[in-house]
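With the first letter of the sequence shown counted as 1, position 124 gets the number 805 in this note's numbering; the numbers rise by one all the way through. In this text, a Cβ means the ideal position worked out from N, Cα and C, and glycines have one as well. In what follows, a structure is listed as structure tokens, so that the remarks can point back to it.
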Amino acid sequence: MAVINRIAGFAEEMAGWRRHIHMNPELALDCHETAAFVVEQLKAFGVDEIHEGLAKTGVVAIIKGNGEGPCTGLRADMDALPMQEETGAEWASKTPGKMHACGHDGHTAMLLGAAKYLSETRNFKGRVALIFQPAEEAIGGGRIMVEEGMMERFEIDEVYALHTDPFAVAGELRTAAGPIMAAVDEWEITVKGVGGHAAYPHTCKDPMIAAMNTGLALQTIVARNSNPIDPIVVSVTQFHGGTASNIIADEIKLSGTVRTFSEHNRDMAERRIHEIARAQAESFEMEAQVAYERSYPATVNHAPQVEKSAKVAREVVGDDLVLTDLPPEMGAEDFSYMLNARPGAFYFIGQGIGPSVHHPAFDFNDEIAPIGASFFARLIETLHS
């Protein structure tokens, strides 16, 4: 692997940054301490500009090269997840109920590594915009930064991002032109009936029965309403109601997600969830209320940016560790908003096979940080030559 020697030389420092962030996880937009730590490092590196407060705690730093040229954005997310950590690592989370279970601590460390190197060498033209983003796991900090005019404010021409992958060998860089991750929407159905004593069901209208039938009927959206070759997933992930074994509840709530790649399927699923919920409830002489929220759009890579960035990836890790026909997956990413605003590419970087992201035993592999930082750095030096 052609990891940049200078970056390899401060690999332990990168691990230190990552572990500090890992021990101090923050959620959603409230990444105050993480952002302050990032700013502290960026100031020490000597970047040219630091802009704080985007999407509340987001940071954009600018490094200027030698001469006129484009501006490329490199993005890392900073937020953690509301989970209890079970890694047993010395650098485990110090905050109960919060942990970095998706590698965002590593993403931030890799971008800081690239920032340190690029600030020292400046072997490129134009500018680099280092984007440190909150709330990828929650309300879409990427969306907020785009809506606040980040692309226009910093005159960003293209954007790139890396995400750790515990399902690939260490150092493998994987991507594809076109859709790479799905759109995700969230829904909640409230079925309202008439509660009462469980011994006298004939005096009640039991919303539990209607809700259970609704949950089953929702699976027909995938099985019977969608084209089998156009991927869609409808998941019922929550089912709440009732207070005691001898009481029929007044209402039951069920909720979940819809994941799609096509707008046709997205529209169809939203319409069918409303229709199924209402019809099922009416068949049991009840009513249902549906709340449907469209969240992250599909993450769609741009072919020209995949092609030229893949050449850089091969220079860094070799041909055998670069995959450019990765099948789309049903997870979602708010980097999608940035790709909708500007051309670019989203990559997965293998960290070795291990516990999945969003698992309490997940931990970022510090050994791949110099690879990711080198990819970012070489990308800028190549695109801005």
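Check whether residue i and residue j have beta carbons under 9 angstroms apart
i, j, result
"Met1019", "Gly690", "no"
"Asn804", "Glu996", "no"
"Ile825", "Ala736", "yes"
"Ala1054", "Val840", "no"
"Leu1002", "Val850", "yes"
"Ala1050", "Phe942", "no"
"Thr845", "Asn1046", "yes"
"Ala1058", "Ile731", "no"
Distance, residue j Cα to residue i Cα
i, j, result
"Phe718", "Leu1060", "25 angstroms"
"Gly877", "Glu968", "17 angstroms"
"Gln814", "Asp1044", "20 angstroms"
"Ala879", "Lys934", "19 angstroms"
"Ala898", "Pro882", "23 angstroms"
"Ile1034", "Gly852", "11 angstroms"
"Val971", "Ala960", "12 angstroms"
Neighbourhood of residue i by C-beta, 8 angstroms cutoff - its chain only, sequence neighbours within 5 removed
i, result
"Pro985", "Pro1024"
"Pro1041", "Met764, Gln765, Glu766, Glu767, Thr768, Met780 and Ala782"
"Asp711", "Lys737, Thr738 and Pro815"
Neighbourhood of residue i by C-beta distance below 6 angstroms, restricted to the same chain and skipping five residues each side
i, result
"Val865", "Thr938, Arg940, Ser976, Tyr977 and Ala1013"
"Ile812", "Val741, Gly754 and Arg756"
"His781", "His703, Pro706 and Ala761"
"Lys797", "Phe726"
"Pro1036", "Ala1042 and Phe1043"
"Lys745", "Asp729 and Arg808"
"Ala790", "Met695, Trp698, Arg699 and Ala1050"
"Ala914", "Just to set this straight, residue 914 is Val in the shown sequence, not Ala. Closer than 6 angstroms at the Cβ level, and outside the excluded window around Val914, lie Arg940 and Met1011."
The alpha helix (DSSP H) enclosing residue i, as first and last residue numbers
i, result
"Arg952", "Glu944 to Ser964"
"Gln722", "His713 to Phe726"
"Leu1060", "Ala1050 to Leu1064"
"His788", "His785 to Thr802"
Residue i - containing beta strand (DSSP E), residue span
i, result
"Pro860", "Gly859 to Met862"
"Glu707", "That residue, Glu707, is in no beta strand (DSSP E); it is neither H nor E in DSSP."
"Asn686", "It is not in any beta strand (DSSP E) - Asn686 instead sits in the alpha helix (DSSP H) that spans Asn686 to Gly690."
"Leu935", "Glu932 to Thr941"
"Ser916", "Ile913 to Gly922"
Other residues of its chain near residue i: CB distance less than 7 angstroms, five sequence neighbours each side excluded
i, result
"Arg700", "Trp772"
"Leu854", "Ala994, Val998, Leu1002, Val1003, Tyr1028, Ile1030 and Phe1056"
"Thr884", "Gly877"
Proximity to residue i [Cα-Cα], best of the options
i, options, result
"Asn982", "Leu843, Glu956 and Ala972", "Leu843"
"Met949", "Asn927, Pro912 and Ile933", "Pro912"
"Phe920", "Asn906, Met893 and Ala991", "Met893"
"Glu818", "Leu723, His1039, His713 and Glu1048", "His1039"
"His788", "Ile1034, Glu944, Arg959 and Trp698", "Trp698"
"Ser926", "His945, Met889, Asn946 and Arg905", "Met889"
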